[in-house]
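> Read in the UniProt record's numbering, the sequence shown has 238 at position 238, and its numbers run on one by one without any break. Once you've had a glance at the structure underneath, I'll fire off some questions.
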Amino acid sequence: MNITVIGTGYVGLVSGVCFSELGNNVICVDNNVEKVNMLTDGHVPIYEPGLKDIMNANMKAGRLSFTTNIQDAISRSDIIIIAVGTPSLPNGEANLSFIELVAREIGSYMDNYKIIMTKSTVPVGTNDRIQEWISSLTNHPFDMASVPEFLREGTAVQDTLYPDRIVIGTHSERAVATLKELHQPLTDQIIVTDIRSAEMIKYASNAFLATKISFINEISNICEKVGADVSRVAEGMGYDRRIGASFLKAGIGYGGSCFPKDTQALIQIAGNVDYDFKLLKSVVEVNKDQRFNVIRKLEDALGSLEGKEIAIWGLAFKPDTDDVRDAPAIEIIQRLLEQGAVIRAYDPIATENFRKEVDSPSITWEERAMKAAEGADALCVLTEWKEFMEVNLTDLAAHMNQPILIDGRNIYGEDQIKDTSFQYYSVGRPGLTNIDGRKTAVI
Ligand code: UGA
Numbered sequence: 001m002n003i004t005v006i007g008t009g010y011v012g013l014v015s016g017v018c019f020s021e022l023g024n025n026v027i028c029v030d031n032n033v034e035k036v037n038m039l040t041d042g043h044v045p046i047y048e049p050g051l052k053d054i055m056n057a058n059m060k061a062g063r064l065s066f067t068t069n070i071q072d073a074i075s076r077s078d079i080i081i082i083a084v085g086t087p088s089l090p091n092g093e094a095n096l097s098f099i100e101l102v103a104r105e106i107g108s109y110m111d112n113y114k115i116i117m118t119k120s121t122v123p124v125g126t127n128d129r130i131q132e133w134i135s136s137l138t139n140h141p142f143d144m145a146s147v148p149e150f151l152r153e154g155t156a157v158q159d160t161l162y163p164d165r166i167v168i169g170t171h172s173e174r175a176v177a178t179l180k181e182l183h184q185p186l187t188d189q190i191i192v193t194d195i196r197s198a199e200m201i202k203y204a205s206n207a208f209l210a211t212k213i214s215f216i217n218e219i220s221n222i223c224e225k226v227g228a229d230v231s232r233v234a235e236g237m238g239y240d241r242r243i244g245a246s247f248l249k250a251g252i253g254y255g256g257s258c259f260p261k262d263t264q265a266l267i268q269i270a271g272n273v274d275y276d277f278k279l280l281k282s283v284v285e286v287n288k289d290q291r292f293n294v295i296r297k298l299e300d301a302l303g304s305l306e307g308k309e310i311a312i313w314g315l316a317f318k319p320d321t322d323d324v325r326d327a328p329a330i331e332i333i334q335r336l337l338e339q340g341a342v343i344r345a346y347d348p349i350a351t352e353n354f355r356k357e358v359d360s361p362s363i364t365w366e367e368r369a370m371k372a373a374e375g376a377d378a379l380c381v382l383t384e385w386k387e388f389m390e391v392n393l394t395d396l397a398a399h400m401n402q403p404i405l406i407d408g409r410n411i412y413g414e415d416q417i418k419d420t421s422f423q424y425y426s427v428g429r430p431g432l433t434n435i436d437g438r439k440t441a442v443i
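Take a look at the structure:
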C-alpha cells in the first residue's frame with residue numbers, strides 16, 4: 001500500500017518505519033527541514049533500540065523516504081496517517097492546533113479517495129472535527145479512522161511489530177477492509193469499533209496503567225509502615241490473571257510524554273462534560289508526591305541536606321530512552337538544589353537532554369556512574385538502567401564518603417545488599433540487615 005505519515009515524532013517515525021518493513025511504500029512528512037535532512041541521511045533524532053537499522057534497510061530498499069513536501073506525499077498515497085503532537089495546554093487539555101493545521105493541508109491537497117487514519121492521541125470527538133476541517137476544503141471522498149498507538153518508548157519497534165491488539169475505529173466498511181489488510185501481518189487481534197470508542201480506548205488504557213502504578217506505589221507506602229514487602233505483594237497479586245503482573249512495579253512514579261499528559265487530558269475531557277473523574281485525579285496526586293519519598297529518605301539518613309554531596313544515577317523517565325519529559329528526576333533534583341545539596345549526576349544517554357531542563361553550578365555532570373558516586377554522602381538511583389544493576393556494590397560503597405543508597409526503583413535485592421556496608425533505602429520493602437549487623441531502613 002502507499003502510505004503517507006505526517007509527523008516524524010516517536011509515533012510517526014516508528015509507525016512509518018514499521019509499515020515500510022511490512023513491504024508498504026511509505027513517505028514520512030515533517031515541516032522541520034533539519035529533521036527531514038537528518039532522517040534522509042540515515043540518522044535517527046531519537047534514541048530507540050533497533051530503529052536505525054530497520055529505517056536504513058527500508059530506505060535502501062526504496063520503500064521509505066522523508067520529505068517536507070506534504071502535497072506531493074498526499075497525492076502519491078492512499079492512506080494518510082496523522083501522527084503530529086498534541087501537547088498539553090496550561091489547563092491540561094490537548095492542544096489540537098497541529099492537528100487542525102495538518103487536517104486543513106490534507107483537505108487542500110486531496111485529489112482522489114483516501115483513508116485518513118489518526119494515530120495522534122486526541123480527545124474524544126476530535127476525529128469528527130478533523131473530518132469537518134478536511135470536508136470544508138475538498139469534495140473528494142475520504143474515510144476517517146482512529147487507530148490509536150500503544151507503543152512504549154524504549155521498546156517501540158518491538159511493540160509496533162508485535163502489538164497486543166490493533167484498534168480500528170471507523171464508520172466505513174471500505175476503511176475497515178483496507179486497514180485490516182494493512183495490520184493483518186502484525187496480529188489477528190484486531191478490534192473494530194466506532195470512532196469515539198477508539199479515541200476513548202487510548203485514554204482509558206493509559207489512565208488505567210497509570211492507576212495501576214499509583215495504586216502499587218500507595219501499597220508500597222503502606223508496606224513500609226507495616227513491614228510488608230511490596231515486590232512480594234505485587235508478585236502475589238500478579239498471578240491473578242484478572243489483575244496481571246505488569247505495571248505493578250513500585251518506584252518513584254510515572255513520567256514521560258504520555259501518562260502525565262494523557263491523565264490530565266482525560267480529567268479535562270471528563271470535566272468538559274461535567275464529570276468529576278475523582279479516581280484519576282487521585283492517581284495524578286499520588287504520582288506527584290511519590291517522587292519526593294526520595295528526599296524524605298535522604299533527610300532520614302542525612303538530616304539537613306545543605307552542602308551534602310548527592311550522587312544521582314539515572315535522569316531519563318525510564319531506561320533505554322534519552323527522553324526526560326516529565327521525568328521524576330527533574331523535580332527531585334530541583335528540590336535537592338532548593339535544599340542546598342550539591343549534585344553529581346550521571347545517566348548513560350539522557351544527560352544532554354536533561355541539562356536543557358535543569359542546570360545549575362551546583363550540579364556536576366559526570367560521564368561515568370562510579371565517578372558520580374565518588375566521595376558522595378548518598379547515592380539515589382532514579383532510573384533502572386541495566387548498568388546500575390551490574391555494579392559491584394562493595395566497590396561502590398568504598399568509593400563513597402558515606403555508604404547511603406536510596407534505591408528509587410528497587411533494582412537491588414537483599415542478597416546484594418546484605419554483604420555491603422550500605423545503609424539502604426528501597427521502595428516498600430522491609431529493612432535488611434547489612435554487614436555491620438545494622439538494620440537498613442525503609443521509612
Ligand atoms: C506509555 C504506554 O505504556 C504505551 O502503551 C503508550 O502507547 C504510550 O505511553 C503513549 O501513550 O504513547 P511510555 O510512556 O513510553 O508508554 O512508557 P511506559 O513503559 O508505559 O512507562 C511510563 C512510566 O511509568 C515510566 O516512568 C515508568 O518508569 C513508569 N512505570 C511503569 C512504573 O513506575 N512502574 C511500572 O510498573 C511500569
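Where a beta carbon is used, it is the ideal one built from N, C-alpha and C, also for glycine.
Counting along the chain, where does the beta strand (DSSP E) carrying glutamine 423 start and finish?
423-425 is the span of the beta strand (DSSP E), which, as asked, contains glutamine 423.
> What does DSSP give as the partner residues of valine 192 in its beta bridges?
DSSP output for valine 192 lists Ile168 as bridge partner(s).
> Any contact of the segment 271-284 with the segment 228-248, i.e. 3+ C-beta pairs under 8 Å?
With the cut-off at 8 Å, the segment 271-284 and the segment 228-248 do not touch.
> Note down, in chain order, each residue of its chain lying with its Cβ closer than 8 Å to the Cβ of glycine 42, except the 5 sequence neighbours on either side.
Within the same chain, glycine 42 has close Cβ partners Lys52, Met55, Asn56, Met59.
> Report the three-state DSSP secondary structure of threonine 138 (helix, strand or coil).
Coil.
> For valine 283, which residues in the same chain have their Cβ closer than 6 Å to its Cβ, ignoring the five residues on either side in sequence?
Taken in chain order, the residues that qualify are Ala210, Thr211, Ser214.
> When the Cα of aspartate 194 is compared with those of Ala175, Ser88, Asn206, which residue comes out closest?
Selected option, being the one with the closest Cα: Ala175.
> If you draw a straight line from the alpha carbon of isoleucine 443 to that of phenylalanine 66, how long is it in whole angstroms?
Since pLDDT at isoleucine 443 reaches only 44, below the 50 mark, its modelled position is unreliable, and no value is offered.
> Starting from the C-beta of isoleucine 411, find all residues in its chain whose C-beta is less than 8 Å away, skip the five residues before and the five after it, and write them out in chain order.
Cβ within range, chain order: Val381, Glu384, Phe388, Met389.
> Can you tell me whether DSSP reads leucine 404 as helix, strand or coil?
Note that residue 404 corresponds to isoleucine in the displayed sequence, not to leucine. Of the three classes helix, strand and coil, the one that applies to isoleucine 404 here is strand, per DSSP.
> If we require 4 or more residues per run, which alpha helix (DSSP H) segments fall completely within the segment 57-89?
Taking only runs of at least 4 residues, the alpha helix (DSSP H) segments lying wholly in the segment 57-89 are 70-75.
> So valine 342 is in the beta strand (DSSP E); what residue range does that whole segment cover?
Segment 342-346, the beta strand (DSSP E) holding valine 342.
> Measuring CA to CA, which of Asn25, Asp159, Asp188 is closest to isoleucine 168?
Ranking the options by Cα distance to isoleucine 168, first place goes to Asp188.
> Span of the beta strand (DSSP E) holding isoleucine 332?
No beta strand (DSSP E) holds isoleucine 332; the alpha helix (DSSP H) holding it covers 328-338.
> Would you please state the rounded distance, in angstroms, between the beta carbons of isoleucine 6 and asparagine 25? I believe it to be under 8 Å.
About 16 Å separates the two Cβ atoms, so there is no contact after all.
> Along the chain, where does the alpha helix (DSSP H) containing valine 381 start, and where does it finish?
Taken as a continuous stretch (DSSP letters only), valine 381 belongs to no alpha helix (DSSP H), being part of the beta strand (DSSP E) at 378-381.
> On a CA-only basis, which of Glu285, Asn32, Val124, Ile116 is nearest isoleucine 134? Give me that one, please.
It is Ile116.
> Identify every residue that forms a DSSP beta bridge with serine 146.
For serine 146, which the question treats as bridged, DSSP gives the partners Thr118, Gly169.
> How would you write the range of the alpha helix (DSSP H) that cysteine 18 sits in, first residue to last?
First-last of the alpha helix (DSSP H) with cysteine 18: 10-21.
> Return yes when at least one heavy atom of the ligand UGA lies under 7 Å from the C-beta of aspartate 262, else no.
Checking the Cβ of aspartate 262 against the ligand UGA gives yes.
> For valine 33, count the other beta carbons within 10 Å of its own beta carbon; 16 or more makes it buried, fewer makes it exposed. Which is it?
By the neighbour-count rule (16 or more Cβ atoms within 10 Å), valine 33 is not buried but exposed.
> For serine 223, name the three-state secondary structure that DSSP assigns.
Here residue 223 turns out to be cysteine, not serine, going by the sequence shown. If DSSP states are grouped into helix, strand and coil, cysteine 223 belongs with the helices.
> Kindly identify the DSSP beta-bridge partner or partners of threonine 364.
Paired residues: Arg344.
> Just how far apart, CA to CA, sit valine 17 and leucine 64?
About 7 Å.
> Can you tell me which of the three DSSP states isoleucine 443 falls into?
Residue confidence for isoleucine 443 is low, a pLDDT of 44 falling below 50, so the modelled location carries little weight and cannot support an answer.
> Give me the Cβ distance between aspartate 262 and tyrosine 203, rounded to the nearest whole Å; I'm assuming they're in contact under 8 Å.
About 6 Å; that satisfies the 8 Å criterion.
> Only counting the same chain, and skipping five residues up and downstream in sequence, which positions put a Cβ closer than 6 Å to that of methionine 144?
For methionine 144, where only same-chain residues beyond five positions count, the Cβ hits under 6 Å are Ile116, Asn127, Gln131.
> Within 10 angstroms of the Cβ of threonine 40, are there 16 or more other Cβ atoms? Answer buried if so, exposed if not.
Answer is exposed; the Cβ neighbour count stays below 16.
> Let me check you understand the geometry: is the CB of isoleucine 213 closer than 7 Å to at least one non-hydrogen atom of the ligand UGA?
Correct: isoleucine 213 has its Cβ closer than 7 Å to the ligand UGA.
> Take the Cβ of isoleucine 267 as the centre, count every other Cβ of all protein chains shown within 10 Å, and call the residue buried at 16 or more, exposed below.
Classification of isoleucine 267: buried, given that the 10 Å Cβ count is 16 or more.
> According to DSSP, is asparagine 272 helix, strand or coil?
Asparagine 272 falls in the helix class under three-state DSSP.
> Relative to the ligand UGA, is the shortest distance from any of its heavy atoms to the C-beta of asparagine 95 smaller than 7 Å?
No, Cβ of asparagine 95 sits at least 7 Å from all heavy atoms of the ligand UGA.
> Among the residues of its own chain, which have a CB less than 8 Å from the CB of leucine 161, if the five just before and after it don't count?
Around leucine 161: Cys18, Glu21, Leu186.
> Just to confirm, does arginine 335 get its C-beta within under 7 Å of one of the non-hydrogen atoms of the ligand UGA?
No; taking the cut-off as 7 Å, the Cβ of arginine 335 has no heavy atom of the ligand UGA nearer than that.
> Does the distance between the C-beta of glycine 255 and the nearest non-hydrogen atom of the ligand UGA fall short of 7 Å?
Yes, the Cβ of glycine 255 comes within 7 Å of a heavy atom of the ligand UGA.
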